[in-house]
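In full-length UniProt numbering, the protein residues as written are 1 to 403.
Just below is one structure, and these are the notes that go with it.
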Amino acid sequence: MLMMRFAAGFRLVRRRPVQVSSWSPFLFDSTLRRTQATTTTRTMTTNSTTNSTTSVPIVDLSQPAHVVGKAIHDACTRVGFFNVVHHNVSPDLLQSVLGEARAFFDGSTLDEKDRISIRQNESFRGYQRMGENWTGGMSDAHEALDFFSESDRALLPNINTRNDNNNHDDAGRRRPTNYGRNQWPDPSIYPNFRPVMERYVQEMTRVGARLMQGCALGLDLKDPNYFHKYFDDPFWILRLIHYPSTIQNTMNQPKNDQNKTESMGCGEHTDYGMFTLIWSEKVPETLQIRTGQEWTFVEPVEGAFLCNVGDMLSRWTNGMYRSTPHRVLRPGGGISRVSCPFFYEPSYDAIIAPIDVLVQRSNQAPSFQPIRYGDHLLSKTSSNFVLGQSSDHESNKNMGKKT
């Protein structure tokens, strides 16, 4: 979720704007043995704003495996979003993740942040200023810091590469544009930052694997470890995002945007991976999901990860699981918000195709062709990147409309 970046000369989209047909997302099996949270939401339409109450599904990982599988399947087919509780990730670690991210965004000068800018890195990792991320042709009002898996499995033959003289390693393998090393904040200033984030990645990888096992059970694939071979070296992505308040100073935005006061922290999109797990500061009325023509706030649940289905998982299930459009509003009232979405992805060289048994059950032809996950990722990044050194914001703005 929330994975698009646009820097001077670089633009990466990890999401796509969508048109969505009307569907009813809040229908749940009343016999399903799981907890259900009721939250107050505000439903927004183009012409009116109303108050309503809706039920948000909760997947409780302390339940028996078959119950977890049914809960995941129910949520993924009907909503595409759910909360994950009893995940056994230490509350102290989760607080440290938010604390380290907050310290970096609030405590670093712009010069310090720019030392690990995405513009200093060929593999799309690092810091992005306010306004350098784009969705649907519009700049997003947030700053971010991105990390990717550093797996050597990303070194694959016969794929798109950088157009430079250093696009092969010693073994002659071609380097895709998203292969590389992460950029970390200065350890002399933030000594705990990297250890905390690396531990967080380990824990979230464990949770992601548990969710995929639940998917196998929920889909009745017989083997609960059906997906395991596709995730033996998951190409995870971690984003740390800071959404300033709508009344906060926008000094870090590009000059032509400094007078704007838009409330959109991140525009409408779907994620194009597997599962996104969001851990964030609990600020209400920020994340919205689209249900037909309406936007509905999803209120935070204390201690839970908010999880959503990405396009690739929808593809794997031949469209059975919903990759739901969503967007993020900037918080009001002088309060900023930090969010730390983790993208659980398959191995870079995994071949993804609609699962045969699901296609057979549907009595329909496969809706998607097989694809290597790394090629899928590169097709998104390559088609939405402009490699160059231009820093002209208006020029970049035009390129940003190619979504």
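Beta carbons are placed, not taken as given, at the ideal position from N, Cα and C, and that holds for glycine.
Just so you know, these numbers come straight off a predicted model, no measurement behind them.
Under 8 Å between C-beta atoms of residue i and residue j
i	j	result
TRP184	PHE343	no
SER336	PRO244	yes
MET197	GLU100	yes
SER347	ASP232	yes
LEU145	GLY131	no
GLN283	ILE289	The question names Gln, but residue 283 is Val in the sequence shown. No, they are not a contact pair.
SER280	ARG330	no
residue 405	VAL309	Lying before the first or after the last residue shown, residue 405 is absent from the chain, which here runs from 1 to 403.
MET320	THR135	no
MET312	GLY265	no
VAL85	GLY214	no
residue 404	PRO370	The structure shown does not extend to residue 404, since the chain spans only 1 to 403, so no value can be given for it.
ILE355	TRP316	yes
Integer-rounded CB distance, given that residue j should sit under 8 Å from residue i
i	j	result
CYS307	PHE82	6 Å
HIS73	PHE305	Not a contact, Cβ separation roughly 18 Å.
PHE147	ASN182	5 Å
PRO57	ALA75	4 Å
THR276	PRO234	Between PRO234 and THR276 the Cβ distance is about 13 Å, and since that is not below 8 Å, they are no contact.
PHE124	ILE118	6 Å
GLY292	MET138	At roughly 22 Å, the Cβ-Cβ gap does not stay under 8 Å, so GLY292 and MET138 are not in contact.
ASN318	LEU358	5 Å
Whole-angstrom distance between residue j and residue i, CA atom to CA atom
i	j	result
GLN120	LEU219	44 Å
ASP349	VAL207	21 Å
PHE105	HIS242	7 Å
ALA65	PRO224	9 Å
THR246	GLY334	7 Å
ARG199	GLN360	41 Å
LEU2	ASP271	Residue placement at LEU2 is poorly supported in this model, since its pLDDT is 43, which falls under 50; the coordinates still yield a value, given next. Each residue's Cα considered, the two are about 7 Å apart.
ALA103	SER362	50 Å
VAL89	SER149	20 Å
LYS70	LYS222	13 Å
PRO195	GLN202	11 Å
LEU93	LEU61	18 Å
GLY80	LEU377	21 Å
VAL97	ARG372	32 Å
LEU240	GLN63	30 Å
ASP114	LEU211	36 Å
TYR179	GLY374	10 Å
SER379	ILE278	25 Å
HIS142	LEU110	14 Å
ASP29	ASP152	Reliability fails at ASP29, whose pLDDT of 31 lies under 50, so the model's placement of it is uncertain and the value that follows must be treated cautiously. For ASP29 and ASP152, the distance between alpha carbons rounds to 43 Å.
ASN192	GLN95	13 Å
GLU112	HIS269	30 Å
residue 404	VAL59	The chain is shown from 1 up to 403; residue 404 falls before or after that span and cannot be answered.
SER314	GLY332	34 Å
Residue i (DSSP reduced to helix, strand or coil)
i	result
LEU287	strand
HIS142	coil
THR246	coil
TRP316	helix
PHE193	helix
GLU150	coil
GLU132	coil
ARG322	coil
GLY218	helix
PHE81	strand
SER367	coil
ILE351	strand
VAL298	coil
ASP92	helix
residue 467	The question about residue 467 has no answer, for the chain in this structure spans 1 to 403.
SER117	strand
GLY333	coil
Burial state of residue i (16 or more Cβ within 10 Å)
i	result
GLU302	exposed
LYS229	exposed
GLN128	buried
LEU217	buried
VAL338	buried
ASN133	buried
PRO300	buried
ALA365	exposed
LEU238	buried
ASP186	exposed
SER188	exposed
ASP140	buried
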